[in-house]
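To keep things clear, I will list the structure first and then write my remarks on it.
In this note's numbering, the protein residues as written are 329 to 973.
Pasting the structure below:
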């Protein structure tokens, strides 16, 4: 239920109606009001506030479920009460109040029998007082009307003797009346708890013990019945015990009643003997003695009841609870729930599991090549090397003074070439890939430099006539080059240029971009050029266009001795790998070997083989579109790569 406060008028807006502070108004069947909390130091409220009305039974049920009762030890009579609550002070108040009410209820249970006795005494006192007043009034009127001042010595003797007998007879009558009430209680009572009638004047200890035990069993039965079902074994046992006690109580009542009736008969006979003395006393005095006798009887009963009332009142004051509070409720100094260490640990484990789950799911749904075994599954060509992801974004990673991981990987590939048929006689190497962006230009320039470092003369040809990328990397202009040679404007010596990277590395640029690259490559001068280069250099490295969008690589393959096919980790499509060997049978790439490029460790590591999601050279994957310039990635990009690559 929401309400707001108008800070100017001080009125409360509740259910679209304004109410004054301290004004009662109806809410359903109940009435509520808002009062000002003078002790609050909060600033004026500008927003809506809400409160909830919760059923009392639901609150009590919730508290009962949150309270734990445990013994402090197996042999101890001390129990510990524990309550979990969001507000420490409220929890303390609830437990302290619970103990107070429990002790109060225990005292009330103990005093129920005394309370019934007191009620019985008060009832009898009221009746006896009225009778005593009536008798005393009658006595005074009789003395006045008959002019009698006092009774004779004989009359006084009679009253003294018959008075003691009358007192005993009154006691017997009270006991018989009490026994009648107890018998009625037992005969008419079912197993539900109630108030045991007073045993005032009955001094039999056996009956008192039986009634006390019956009362205790009925209290236990009533308490347990509120929280358990009718067929609960303990409840059935209590009901059986209650029924077993009733015959013993009734038998005791019958026995006492029999004895009391005998005593009453004897006392009546004694009283009759005293009554014969009245015949010798004059009529007026005899009538006065009868009235005085009744006064004495009522007065004795009245005195007896007053004494019992005081005794019962004293028993109220002396009653104490069977339990006592050892320590008052005290909230723990720090929260017990939620447990911070457990929450942190659970969050840590959940983070790991979530990350692992996301990565596993992405790998299952990934259509890109992630593992070496995926390449080996679809093609039979050998994988002669792997190249790690280049964090530096530097296209040239090999050189005289470069000893990095990637440089060593290129040296490994250089060594492996001999095992796959690349030597002084078979030295023309074609480098291609499925699509643009897989790193064929990166591999071509660094492999050429690595070969040149061995002292061999190497020429690097920029045969990707549509998107030449080598010239900018080597700081060489494309004013003349392969296209100039193929159209007859330049000869071989004019297009070969010395590079600044290494004295053994030479370069032939693509030249001006032609309108018809594929037709130009088919020119007969292409074969002549490659044959001339074969005579002049130890190795001829040809960086050509990818095989999927264009046919340049297939055309040039017939002039080469071997083909290095670049597969980029997390970039090359599995579909291309699946169709690679089948397509090659139709197009005829020679002596194909695969280089697995761009391996990147997952997360922030640098060594995990076959993991990672990207490569830092080039960004586009469309051959006829201009690649976007890729900025250096920071730590947040690395984190993102874990999930989104």
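From the three backbone atoms N, C-alpha and C, an ideal C-beta is built for every residue, glycine too.
Just mark residue i as buried or exposed, buried being the case when its beta carbon has 16 or more other beta carbons within 10 Å.
i           : result
residue 943 : Because residue 943 carries a pLDDT of 32, less than 50, the predicted location of this residue cannot be relied on, and no value is offered for it.
residue 390 : exposed
residue 466 : exposed
residue 978 : The structure shown does not extend to residue 978, since the chain is modelled only from 329 to 973, so the question has no answer here.
residue 928 : buried
residue 921 : buried
residue 355 : exposed
residue 377 : exposed
residue 557 : exposed
residue 941 : Note that residue 941 scores 32 on pLDDT, short of 50, meaning its location in the model is unreliable; the coordinates nonetheless yield the value given after this. Its Cβ being crowded by 16 or more others within 10 Å, residue 941 is buried.
residue 827 : buried
residue 675 : exposed
residue 444 : buried
residue 655 : exposed
residue 817 : exposed
residue 672 : exposed
residue 533 : exposed
residue 899 : buried
residue 709 : buried
residue 682 : exposed
residue 636 : buried
residue 662 : exposed
residue 717 : buried
Could you tell me how far apart the beta carbons of residue i and residue j are, in whole angstroms, since I believe they sit closer than 8 Å?
i           : j           : result
residue 864 : residue 791 : About 17 Å; that fails the 8 Å criterion.
residue 830 : residue 773 : That pair is no contact at about 11 Å.
residue 758 : residue 856 : 17 Å between Cβ atoms; not a contact.
residue 735 : residue 728 : Their Cβ separation, rounded to whole angstroms, is 10 Å, which puts residue 735 and residue 728 out of contact at 8 Å.
residue 270 : residue 906 : This structure gives no information on residue 270, because the portion of the chain shown stretches from 329 to 973.
residue 552 : residue 538 : Going by Cβ atoms, the distance from residue 552 to residue 538 rounds to 21 Å, so no, they are not a contact pair.
residue 581 : residue 542 : That belief does not hold up - the Cβ atoms of residue 581 and residue 542 are roughly 12 Å apart, past 8 Å.
residue 397 : residue 411 : Contact doesn't hold; Cβ gap of about 10 Å is too wide.
residue 786 : residue 722 : About 20 Å separates the two Cβ atoms, so there is no contact after all.
residue 756 : residue 887 : 7 Å
residue 695 : residue 902 : 6 Å
residue 464 : residue 623 : 6 Å
residue 366 : residue 643 : Contact doesn't hold; Cβ gap of about 46 Å is too wide.
residue 348 : residue 647 : Not a contact, Cβ separation roughly 48 Å.
Please go through the same chain and pick out, in chain order, the residues whose beta-carbon is closer than 6 Å to the beta-carbon of residue i, but skip the five residues on each side of it.
i           : result
residue 639 : none
residue 845 : 793, 794
residue 853 : 814
residue 754 : 889
residue 431 : 649
residue 909 : 707
residue 653 : 427
residue 420 : 657, 659
residue 858 : 887
residue 352 : 359, 361
residue 848 : 814, 842
Within a Cβ cutoff of 7 Å, which residues of the same chain sit near residue i, ignoring the five residues on either side of it in sequence?
i           : result
residue 578 : 511, 514
residue 387 : none
residue 839 : 806, 808, 809, 810, 811, 812
residue 797 : 769
residue 741 : 712, 713, 775, 923
residue 350 : 361, 363
residue 732 : 725
residue 341 : 331, 332, 334
residue 739 : 778
By Cβ distance, which residues of its chain are closer than 8 Å to residue i, with the 5 residues on each side in sequence left out?
i           : result
residue 594 : none
residue 703 : 697, 711, 895, 905, 922, 924
residue 504 : 585, 588, 589, 592
residue 748 : 710, 712, 890, 919, 921
residue 862 : 755, 756, 868
residue 380 : 329
residue 434 : 649, 650, 651
residue 599 : 490, 493, 494, 497
residue 882 : 875, 915, 916, 917
At least 3 beta-carbon pairs within less than 8 Å: the region 774-793 vs the region 824-842: yes
Contact the region 490-503 vs the region 569-578: 3+ CB pairs below 8 Å: no
Three CB pairs or more closer than 8 Å across the region 622-635 and the region 450-458: yes
Sequence ranges, beta strand (DSSP E) only - wholly within the region 824-880, length at least 3: 833-836, 867-871
Runs of alpha helix (DSSP H) lying entirely within the region 385-412, each at least 4 residues, in chain order: none
Entirely enclosed alpha helix (DSSP H) segments - the region 741-793, minimum 4 residues: 768-780
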